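Numbering (the numbering used here), first residue to last: 211 to 274. Presented below is the structure to which this report refers.
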Amino acid sequence: MPGDPWLQVSLYRDEWGVPHVYARNPLALGFAFGYAQAEDHLEPMLMAYRMANGRAAEVLGPAY
């Protein structure tokens, strides 16, 4: 499925900041959902990635 995923999906936030995703296909839906999650939870996602790869000590110190 080539092309820009933003052409196949609409992502907006309501007055409370809740993301709403409308997509034409599952791939575009996953892209926009991941984007919204990264906007809201980037730091914990990056820390979980470091911990899963065994590299948390690079930012948290030798105890990790």
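Beta carbons are placed, not taken as given, at the ideal position from N, Cα and C, and that holds for glycine. If you're wondering where the values come from, they're calculated on a predicted model, not measured in any experiment.
Exercise. Helix, strand or coil: which one does DSSP assign to Ala-266?
Worked result: On the sequence shown, residue 266 is found 56 positions in, with the first residue counted as 1. It is coil, neither helix nor strand.
Exercise. Is Val-219 closer than 8 Å to Ala-246 when the C-beta atoms are compared?
Worked result: The residue labelled residue 246 in the question sits at position 36 within the sequence shown. The residue labelled residue 219 in the question sits at position 9 within the sequence shown. No; because the gap between Cβ atoms is not below 8 Å, this pair is not in contact.
Exercise. What do you reckon, are the CB atoms on Val-231 and Ala-248 nearer than 8 Å?
Worked result: As a first step, residue 231 must be located in the sequence shown, where it is residue number 21. As a first step, residue 248 must be located in the sequence shown, where it is residue number 38. Not in contact: Val-231 and Ala-248 (Cβ atoms no closer than 8 Å).
Exercise. Residue ranges of each beta strand (DSSP E) run of no fewer than 3 residues wholly in the stretch 225-258, ordered along the chain?
Worked result: 229-233
Problem set entry | Extent of the continuous beta strand (DSSP E) run through Tyr-222 | Stepping through the sequence shown from its first residue, residue 222 is reached at position 12. Tyr-222 -> beta strand (DSSP E) spans 219-223.
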